[in-house]
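Heads up: the structure comes next, in structure tokens.
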Amino acid sequence: MRTAPPEMAEAARRLFGGGERGGRAGRPICTGVGVPDWVVPLAIPTPYPIGPVTVYLLEGEPLTLIDSGPATRAARRALVDGLAAAGYRVEAVRRLLVTHGHHDHFGQAAWLAKGGVEVFAHPHEARNLRQERAYAILWRQLSLAGLPLLTRLALLAGLLALDTTARPVSRFAELVEGETLQHSRGRIRVHHLPGHSPGHLGFELVDAGIMWTGDTLLEGITPNAVVGPDPEDPTRPFRSLAAYNDSLVKLERSGVGLLLPGHGPCIRDLSAAIASVRQRQDQRSRQVQRLLDRGPAPVMALLRALFPGLPAVETFLAFSEVFGHLLELERRGRVRRRRLGRRELWELVPLGPSSAASG
């Protein structure tokens, strides 16, 4: 296995925290009541603060994995050992279902594919899986946002380092909304749940009230609706927060009673989990609007106010969160942006008389 140069590995640790075992190594994974006995959760370590990612082994035919963990020595060892404890060799795995193209979920897919595993993912994850990065577009966004040069350089160095924890997947079978996969233990229906990433998928065990949901909902954590290029028009940003909220509505209407997430314990109270996410979203949105009430500001000024003392290499997820909220507020007609020299300023849209009276 290729390993990252020491300086790149250090940048990844600084960007995402933790060590080879992950920042929350003791975080429980999804097991217990309601999880079928032929579903084997495997805790795979990551070098990120989220801690281990849960990879699910589906026993039966074809022997299937949902997600793979990152491409690190510790993750490969954990996957091999976990499969062995369940009575299988890696070579017995025939299918890998990727919830989304983030490193901790697909990092080992290329290695598994070399052994004959068929990899499945949504077509909107192609850029992520192939590690095709639109760095020029991101650089322009960060420049317009007012991020200092050294901050931008540190951020890009961290993202480059992150790519050392996965291997590009050049070919995969595409899955889209409504498709059904056959498995000897039951049919698996595909749900497109964009937001955390453009092609995020959920996998529902039909007639069982169970869905594997990746990072769409996590116990006690609000998943970041990561901003990146729109898969249908890479010159425009993907409006991730709007897509994410639509996916929450879809989950509410799914009739599913048990979520098997990519991190942490099972989610057994879907309504409460969604309500908690919405509450935190509303709180952040109000914070952004209160800051803009003081006057127009670039994204960097909002970042400094919301995340004081944030190290430069940890800026990306914070930028993604704030920029995502601004895009959503813009979509709703609450804020607008304008150019001032080399900067993009965001400002509140004045309320009309009818809006002011109703507000």
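Residue numbers (this note's numbering): 300 to 658.
By construction, the Cβ of each residue, glycine as well, lies at the ideal position given by its N, Cα and C atoms.
- Counting Cβ pairs closer than 8 angstroms, one from the segment 425-444 and one from the segment 518-538, do we hit at least three? The segment 425-444 vs the segment 518-538: in contact.
- Query: Short check: CB of A542 to CB of V468, under 9 angstroms?
  - Reply: Result no, Cβ atoms of A542 and V468 do not sit closer than 9 angstroms.
- Task: Helix, strand or coil for F618, going by three-state DSSP, please let me know.
- Result: In this structure, F618 counts as helix in the three-state DSSP scheme.
- Task: Give me the Cα-Cα distance between E417 and R393, rounded to the nearest whole angstrom.
- Result: Straight-line measurement puts the Cα of R393 at about 6 angstroms from the Cα of E417.
- Query: V352 to L601, Cα distance in whole Å?
  - Reply: Answer to the nearest angstrom: the Cα atoms are 31 angstroms apart.
- Task: Answer yes if the segment 387-407 comes into contact with the segment 360-374, meaning at least three C-beta pairs across the two stretches below 8 angstroms, and no otherwise.
- Result: Verdict: yes, contact present.
- Message: Per DSSP, what are the beta-bridge partners of D568 in this structure?
- Response: D568 is not bridged to any residue.
- Query: Can you find at least 3 beta carbon pairs, one from the segment 485-497 and one from the segment 515-525, that sit closer than 8 angstroms?
  - Reply: By the criterion of at least three beta-carbon pairs nearer than 8 angstroms, the segment 485-497 is in contact with the segment 515-525.
- Task: Can you give me the start and stop residues for the beta strand (DSSP E) that I436 sits inside?
- Result: Annotation for I436: no beta strand (DSSP E) segment contains it, though the alpha helix (DSSP H) segment containing it runs Y434 to L443.
- Going by C-alpha distance, which of R583, Y387, P610 and N427 is nearest F622? Checked all of R583, Y387, P610 and N427; the closest Cα to F622 is R583.
- When burial is assigned at 16 or more other CB atoms within 10 Å of the CB, is V332 buried or exposed? Under a 10 Å Cβ-count criterion, V332 is classified as exposed, with fewer than 16 other Cβ atoms of the shown protein chains found around its own Cβ.
- Item | H624 beta carbon less than 9 angstroms from that of V648 | With contacts defined as CB atoms closer than 9 angstroms, V648 and H624 fail to qualify as a contacting pair.
- Item | Identity of the residues DSSP links to Y355 by a beta bridge | According to DSSP, Y355 shares a beta bridge with P340 and I365.
- Could you tell me which residues DSSP pairs with V634 in its beta bridges? L647, per the DSSP bridge assignment.
- Item | Inter-stretch contact (C-beta, 8 angstroms, three-pair minimum) for the segment 558-574 and the segment 338-353 | Contact holds: three or more Cβ-Cβ distances are below 8 angstroms.
- DSSP state of R320, grouped into three classes? Per-residue confidence for R320 stands at a pLDDT of 36, beneath the threshold of 50, marking its modelled position as unreliable; no derived number is given.
- Message: Distance check for R603 and R630, CA to CA, integer angstroms please.
- Response: When rounded, the distance between both Cα atoms is 24 angstroms.
- Item | Outcome for E704 when other beta-carbon atoms lying within 10 angstroms are tallied against a minimum of 16 | Because residue 704 is not part of the residues shown, which for the chain are 300 to 658, the question remains open.
- Item | M510 beta carbon less than 9 angstroms from that of L557 | Using a Cβ distance threshold of 9 angstroms, L557 and M510 count as a contacting pair.
- Write down every uninterrupted run of the alpha helix (DSSP H) in the segment 437-508 whose length is 4 residues or greater and which is fully enclosed by it, in chain order. Runs of the alpha helix (DSSP H) lying entirely within the segment 437-508 and spanning at least 4 residues, in chain order: 448-461.
- Message: Under 8 angstroms: does the beta carbon of T464 sit that close to some heavy atom of the ligand HEM?
- Response: The ligand HEM is absent from the structure shown, which contains no ligands of any kind.
- With distances taken between CB atoms, is the gap from L591 to W645 smaller than 9 angstroms? Contact flag set, yes.
- N-terminal and C-terminal residue of the beta strand (DSSP E) that L661 is part of: Residue 661 is absent from the model: the chain starts at 300 and stops at 658.
- Can you give me the start and stop residues for the alpha helix (DSSP H) that R429 sits inside? A425 to R429 is the span of the alpha helix (DSSP H), which, as asked, contains R429.
- Throw me the rounded Cβ distance for the V489 and L474 pair, which I believe falls under 8 angstroms. Contact between V489 and L474 holds, since their C-beta atoms are separated by about 5 angstroms, short of 8 angstroms.
- Reference V334; option with closest CA among G445, G508, F537 and E478: Each of G445, G508, F537 and E478 was checked against the Cα of V334, and the nearest Cα belongs to G508.
- Query: Taking Cβ positions, are Q580 and L540 nearer each other than 9 angstroms?
  - Reply: For Q580 and L540, yes; Cβs fall inside 9 angstroms.
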